[in-house]
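Q: Chains A and B, in that order, are what the protein sequence lines are.
Letter 98 of the first sequence, counting from 1, is numbered 98 in the numbering used here, and no numbers are missing.
Letter 229 of the second sequence, counting from 1, is numbered 229 in the numbering used here, and no numbers are missing.
The beta carbon of each residue, even a glycine, is placed where N, CA and C say it ideally should be.
Quick one: the structure is below, and I'll ask about it shortly.
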Amino acid sequence: MRGVISDTERRGMRRRLSTIQVLLIVALLLEGAGPIYWLFKGAISSTQESLRDPLALWPAEARWSNLTEAWTTLEVGHYLTNTVVLVAGSWFTQLFVAATGAYALSILRPSYGKYVYGAVLATLFLPATVSMVSLYLTVLDLGIANTPLSVWLPAGAHAFNVLLVKQFFDGIPRELFEAARLDGAGAWRIFTSVVLPMSRPILAVVSLLAVMNAWKDFLWPMIAITDTESQPLAVALPRLADTSDQALLIAGMLIAIIPPVAVFLVFQRQIIRGIAFTGLKG
Amino acid sequence: MTRRSGLAAALFLIPTVLVFGLFSWWPIVRSVVLGFQRTNLVEAAAFTGLDNFRTLLADPLLVTAAGNTLLFTGLALIIGFPVPIVLAVLMSELRRGSGLMRVLVYLPVVVPPVVAVLMWKWFYDPDSGLFNQLLGLVGLGPYPWLQSTGMAMPSLVLEATWAGAGGAVLIYLAALSSVPTELYEAAELDGASVWRRLWHVTLPQLRPILLIMLLLQVINTFQVFTEPFVLTDGGPEDSTVTVLLLIYRYAFVNGDYGAAAALSVSLAVVLAVLSAVYLRLTRTWGTK
């Protein structure tokens, strides 16, 4: 496999290329891992030390207690639990809606299916932020504002998931369903014991994207959940920023990025392939 | 199709229709209706014609917000659009450590936007912030990153570029790997230098995906909210008030849902046109 530069040219400019290679990796380290390291360093330094000697690479006295103190005094642990609850529910609704909807649209195929699918795809045209105000009024009408449901349920209306899963289902050979039907399996049985087990790869992609996106959510949870005690960490942090000790706030920020960064590092292969494969984020 | 499976299909579609109906289709219709109503949650909603749009046009902040949003979009195109392309080309040519490079380049995207923004606010601190400290080492600054009307918006764009570039890099990398190598070989035989090959082969081959990414970026930057909301709250002197921030303030600060909806619908029309172009491009790109 060659790229713009051919293999013969590579041999001729090996030294120059490896210099650029080293520079590139150093630049990416500084750009990608640098800020996260800095956040880590800030989280275990005292506020006084961060102000006195901002460029120190490691604190004179590492204060790991900042992390536990942020967890309890700033209630980061409490808000993190709220985040986990919101993310878990959003993940479930997204998966449930996408799997059931795609099953009906791709495999059961009712005559009106194409209209439903068209209406689902049409929402891709309009970013959710644009109907945010009326979505808020709808959530108020339903009486679910300030409850996790106000985040869980709207998360399910994610056209891109339906599209991805339906395309995957479209590729399953129809003979499998015929065979199952002859064995006397109904629509539900075929769904749970034929379609779902075969769809693990796509359900994993949708799950990863759903969890990562739900973890990043800010504007909608801030609007929908105004009760400060029920807010997720992302919404609580800017509020805490105005009132808290800097070192504790930075410790809180570090805690907030550990779960998504850990998920990313563990599933990097799947996530990176998922992004390149789905092309664009939902 | 038997009647039984007709019933099953209807049952399986219930979650989709309910969730999309209540939280997507109805709010879209409702936004349009709200735009022509006066709604403050206290009195019953009443149709008031174009009143909300008149309120908007009479608000001097509207022009400011539209201008600021365009400025953000424009700066993001100038600063943020070329960066991922250059990175992707470099990464695809220099392949040693490609796994590590991919992880590093995508790490900022994984950081929740609010944390990223708060972190940059800390870096931007005029006294003890990382940037002024580092620049101070070489005798530059201190700069009022977020405190001056001229620098605030570029500072927001810088943060947004850092936070968003990784996703674009991965997409370009995928696109680069599908450029037919014969084209490079042919160009090389014709005596084209590496730079000319990049210009005459790589870029034209990437053209469809570049167009799509351009539109997607414009659509996304038109809706910028978290950066101005958390970093500057629209300041200093309204120099970073964006359209979405204005919608937020109308609705959730002033309680004027009608004006907020009217502005949302206006923004939606602009975005819908852009999205229509986008979907058209993806379709022609997909069939090519």
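Determine whether the beta carbon atoms of S92(B) and L203(B) lie at a separation below 7 Å.
A: Not closer than 7 Å, so no.
Q: CB-CB under 7 Å to M1(B), same chain, minus the five flanking residues each way: which ones, in chain order?
A: Confidence at M1(B) is low in this model, with a pLDDT of 46, below 50, so its placement is unreliable and no value can be given for it.
Q: Given that a residue counts as buried once 16 or more other Cβ atoms are within 10 Å of its Cβ, and exposed if not, what is S193(B)?
A: S193(B) comes out exposed.
Q: Which residues in the same chain have their Cβ closer than 8 Å to the Cβ of V230(B), if we skip the five residues on either side of it in sequence?
A: Hits under 8 Å: V114, V117, L118, K121.
Q: Report the rounded CA-to-CA distance for V85(A) versus V151(A), giving the unit in angstroms.
A: Their Cα atoms are separated by approximately 10 Å.
Q: Using a Cβ cut-off of 7 Å (strictly closer), state whether Y257(B) contacts chain A.
A: By this cut-off, Y257(B) is an interface position.
Q: Between A66(B) and chain A, is any beta-carbon pair separated by less than 7 Å?
A: It does not: the Cβ of A66(B) has no partner Cβ on chain A nearer than 7 Å.
Q: Under the DSSP definition of a beta bridge, which residues are partnered with Q37(B)?
A: Paired residue(s): F47(B).
Q: Just to confirm the assignment, what range does the alpha helix (DSSP H) spanning T100(A) have?
A: First-last of the alpha helix (DSSP H) with T100(A): 76-103.
Q: Could you tell me which chain A residues have their CB closer than 8 Å to the CB of Q133(B), listed as they occur along the chain?
A: Near Q133(B) (Cβ distances below 8 Å), the residues of chain A are P54, L55.
Q: Suppose the cutoff is 6 Å on Cβ atoms and the five residues either side in sequence are ignored; what does the same chain contact list for V162(A) look like?
A: Contacts found: A98, G101, A102, V120.
Q: Closest by CA to V22(A), which one among F23(B), L94(B), L18(B), T69(B)?
A: Comparing Cα positions, the closest option is L94(B).
Q: Check this for me: beta carbons of N49(A) and P59(A), under 7 Å apart or not?
A: What sits at residue 49(A) in the sequence shown is Glu, not Asn. Contact flag set, yes.
Q: Taking 7 Å as the threshold (C-beta atoms), are S106(A) and F169(A) in contact?
A: Yes. Within cutoff.
Q: Report the rounded CA-to-CA distance for T289(B) versus I85(B), giving the unit in angstroms.
A: There is no way to answer for residue 289(B), as the model of chain B reaches only from 1 to 288.
Q: Within a Cβ cutoff of 7 Å, which residues of the same chain sit near G252(A), ignoring the five residues on either side of it in sequence?
A: Excluding sequence neighbours, G252(A) sits near A70, L74, V76, L237, L240.
Q: Note down the Cα distance separating V83(B) from L90(B), rounded to an integer number of angstroms.
A: Approximately 11 Å, taken between the alpha carbons.
Q: With burial defined as no fewer than 16 other Cβ atoms inside 10 Å of the residue's Cβ, what is the status of K288(B): buried or exposed?
A: Model confidence at K288(B) stands at a pLDDT of 45, short of 50, so the residue's coordinates are unreliable and nothing is read from them.
Q: Counting only C-beta atoms, is F92(A) closer than 7 Å to chain B at any point?
A: No, no contact with chain B.
Q: Give a yes or no on whether 7 Å exceeds the smallest Cβ distance from S230(A) to chain B.
A: Answer no: the Cβ-Cβ gap between S230(A) and chain B never drops below 7 Å.
Q: Mind pulling the alpha helix (DSSP H) runs of 4 or more residues that sit fully within the segment 85-170 of chain B?
A: Fully enclosed alpha helix (DSSP H) runs of 4 or longer: 98-110, 113-123, 130-137.
Q: Quick one: residues in its chain with C-beta nearer than 7 Å to the C-beta of A152(B), no 5 flanking neighbours on either side, listed in chain order?
A: Hits under 7 Å: L146, T232, P236, S239, T240.
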